[in-house]
Each structure stands twice: as structure tokens, then as C-alpha cells.
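When the count follows this note's numbering, it moves up by one through the sequence shown with no breaks and lands on 166 for the last residue.
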Amino acid sequence: MRIIKVLIASPSDVGEERKIAEEVITDWNTRHKGNNGLWLEPVLWELDAAPEMGKLVIAA
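In C-alpha cells:
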């Protein structure tokens, strides 16, 4: 099975739309159940991204 990661990232003022995008991906997976050899994995930047260590990129 091929897993395709779908990054969901947006400005903070469209949080409801971000939830809808995740629900659509979950619904797609439920309907197709991997029968076509694909599985979509929602990746939410606020949950799945790790902070980078090292020098501060943005100077204050």
C-alpha cells in the first residue's frame, strides 16, 4: 500500500477549514479502505512538526 502524506497548513484564522480538510481525508480513507492501493495520511503542521534545534533563523 502506498501512503501519501497530505500536509495541512494554513493561517490561524481558517482553523475550521483545516478541520474540514482533515475530515475529508479521513472520509476518503473510510470510503476506499485502501482498495486502490492508496492511503492518505493527514499531517497537521501544529501536531506533526518538530521544532528545529540550532541557531535562531529569524533575528529579533
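All residues carry an ideal CB built from backbone N, CA and C; glycine is no exception.
Please read these numbers as outputs of a predicted model, since none were measured by experiment.
When DSSP assignments are scanned along the region 122-160, the uninterrupted stretches of beta strand (DSSP E) that are 3 or more residues long and fall wholly within it turn out to be 144-150.
DSSP links Val120 through a beta bridge to no other residue. Take Leu150, set aside five residues on each side of it, and the residues of its chain with a beta-carbon closer than 6 Å to its own are Ile114, in chain order. Nearest to Ile126 by alpha-carbon distance, out of Asn142, Pro148, His138, is Pro148.
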